[in-house]
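**Q**
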Amino acid sequence: TLIARIENGMSKVKELRPSNPSKACTIEELDQELVCMAMVRSLGEEYSNFVSSLMLLKSLDKEEMKAAF
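Numbering-wise (our numbering), the sequence shown opens with residue 1057 and increments by one.
Given below as structure tokens:
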């Protein structure tokens, strides 16, 4: 269902949060990661190999992601 997908997505967002308070992110950094996640999630199943290659990047930086797209 839609609610389950939203809850699953939010769970993934929370997993990306730093667990160490001294490495806390800014809202801007979290927003950039959310944009990257949305870009990846917007791709259909036919792009699964491409998505796998994106996960090999050393970081999910918005500019790197845009270049890959």
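For each residue, glycine too, the CB sits at the ideal point set by N, CA and C.
Starting from CYS1092, follow the alpha helix (DSSP H) in both directions and report where the run begins and ends.
**A** Unbroken alpha helix (DSSP H) run through CYS1092: 1083-1097.
**Q** Give me the Cα-Cα distance between LYS1079 and GLU1085, rounded to the nearest whole angstrom.
**A** Distance between the alpha carbons of LYS1079 and GLU1085 is about 12 Å.
**Q** Grouping DSSP H, G and I as helix and E and B as strand, with all else coil, what is ALA1080?
**A** Reduced to three states, the DSSP call for ALA1080 is coil.
**Q** Please work out which residues of its chain come closer than 6 Å, Cβ to Cβ, to LYS1114, disregarding the five sequence neighbours upstream and downstream, and give them in chain order.
**A** Cβ within range, chain order: n/a, list empty.
**Q** Are LEU1110 and MET1093 touching if we call contact CB-CB under 8 Å?
**A** No, the pair does not count as a contact, with Cβ atoms beyond the cut-off.
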